[in-house]
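In the numbering used here, the protein residues as written are 10 to 319. For glycine and all other residues, C-beta sits at the position ideal for the given N, C-alpha and C. Being a predicted model, the structure only gives us computed values, none of them experimental. Inspection log for the structure reproduced underneath, given as structure tokens.
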Ligand code: GLN
């Protein structure tokens, strides 16, 4: 079946109503104090099909910080800039650990498990700074404006400052990795860029638009080539195997799409050649993934009866 055979708008509406029963089952992230201010009842679900038709329900124009979903885009930038060299600096294996676990790094001499845990994304930030110098953050912003098609996207300065003031674990990742020689630049500079990447404000619709190129073999919703088809295939595979921390097995089983989550409660992903999808709901489950977001995506691929592998 093709997505156009379904009444997608109605499916999204049914899902958004059904998942309300899970409100209160998760909790809003509070280790970054500003995130705790999010309205736990917010919910948005957006799907853009390959014909660029936007189907959307809920609070889809409310801004939230992109958090770890930014790691998909910094990985794309890094692959565009240094290609396979990325894999000399990190692996691409599911970590089986929380996104902020130090354990793997000690066992693997400062080589992060994959680009989608914090340690890996901090090394990505280092790669971008080596390649782009003080233009790393402006280039990220440019990239995000290009893939979303929204020239107004901005870094939320309050969230950035808050992450800087409270990101103790992330600083320890930086210093620990540097002790193994796997960070080339000044640790504070690298973390500064990493925190800004996480602090980009975005709406659910713009997040969905930003995932369009991953569904569309590297060409964005505005018709611009963002990366190669080869990189797209690989980024999607890494999302599938590493995009939801130590819950990837559960996501592969219940959702079956390449997706990436973040602690603000956003999840973005795609079904290649069919649709891009994003969901936002701030209450997280115990693994740090959006509680309602997970349930909504599970319902979506059940109702559309198609997932990544079949
Ligand atoms: N900015 C957050 C952090 O570094 C991102 C984590 C996440 O979204 N999982 O802790």
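What does the alpha-carbon distance come out to for the pair residue i and residue j?
| i | j | result |
| --- | --- | --- |
| residue 126 | residue 289 | 20 Å |
| residue 256 | residue 185 | 25 Å |
| residue 104 | residue 258 | 12 Å |
| residue 133 | residue 152 | 15 Å |
| residue 12 | residue 283 | 7 Å |
| residue 27 | residue 73 | 23 Å |
| residue 102 | residue 117 | 12 Å |
| residue 238 | residue 294 | 33 Å |
| residue 123 | residue 129 | 5 Å |
| residue 145 | residue 174 | 21 Å |
| residue 178 | residue 65 | 36 Å |
| residue 398 | residue 14 | No answer is possible for residue 398: it lies beyond the span of the chain, which begins at 10 and ends at 319. |
| residue 18 | residue 67 | 12 Å |
| residue 188 | residue 269 | 29 Å |
| residue 150 | residue 76 | 14 Å |
| residue 200 | residue 131 | 7 Å |
| residue 46 | residue 286 | 25 Å |
| residue 261 | residue 301 | 16 Å |
| residue 22 | residue 245 | 27 Å |
| residue 243 | residue 90 | 15 Å |
| residue 121 | residue 16 | 42 Å |
| residue 240 | residue 230 | 17 Å |
| residue 157 | residue 219 | 4 Å |
| residue 271 | residue 211 | 12 Å |
| residue 56 | residue 63 | 6 Å |
Quick one: using the 10 Å Cβ neighbour count with 16 as the cut-off for buried, is residue i buried or exposed?
| i | result |
| --- | --- |
| residue 4 | Nothing can be reported for residue 4: it is not among the residues displayed for the chain, which extend from 10 to 319. |
| residue 213 | buried |
| residue 81 | buried |
| residue 61 | exposed |
| residue 39 | exposed |
| residue 147 | exposed |
| residue 221 | buried |
| residue 304 | buried |
| residue 112 | exposed |
| residue 70 | exposed |
| residue 275 | buried |
| residue 97 | exposed |
| residue 34 | exposed |
| residue 53 | buried |
| residue 135 | buried |
| residue 93 | exposed |
| residue 291 | buried |
What residues match up with residue i in a beta bridge as DSSP calls it?
| i | result |
| --- | --- |
| residue 210 | 74 and 163 |
| residue 67 | 53 |
| residue 289 | 53 and 275 |
| residue 36 | 293 |
| residue 270 | 276 |
| residue 299 | 293 |
| residue 234 | 228 |
| residue 284 | 58 and 280 |
Could you check how far apart the C-beta atoms of residue i and residue j are, in whole angstroms? I think they sit under 8 Å.
| i | j | result |
| --- | --- | --- |
| residue 277 | residue 78 | 5 Å |
| residue 298 | residue 236 | In fact, because the Cβ distance is near 25 Å, the residues do not count as touching under 8 Å. |
| residue 162 | residue 216 | At roughly 10 Å, the Cβ-Cβ gap does not stay under 8 Å, so residue 162 and residue 216 are not in contact. |
| residue 307 | residue 264 | 5 Å |
| residue 318 | residue 279 | The Cβ separation is near 14 Å, so there is no contact. |
| residue 139 | residue 191 | Contact flag wrong, Cβ pair sits at about 12 Å. |
| residue 204 | residue 180 | With a Cβ gap of about 10 Å, residue 204 and residue 180 do not count as contacting. |
| residue 87 | residue 141 | The pair is not a contact, with the Cβ atoms about 10 Å apart (cut-off 8 Å). |
| residue 225 | residue 59 | 7 Å |
| residue 312 | residue 20 | 5 Å |
| residue 83 | residue 206 | 6 Å |
Looking at ligand 3, does it come within less than 7 Å of residue i, judged from the CB to the closest heavy atom?
| i | result |
| --- | --- |
| residue 104 | With respect to small molecules bound, the structure shown includes ligand 1 and not ligand 3. |
Kindly say whether residue i, judged by its beta-carbon, lies nearer than 8 Å to any beta-carbon of chain B.
| i | result |
| --- | --- |
| residue 63 | Of the chains in the structure shown, none is chain B; there is only one protein chain. |
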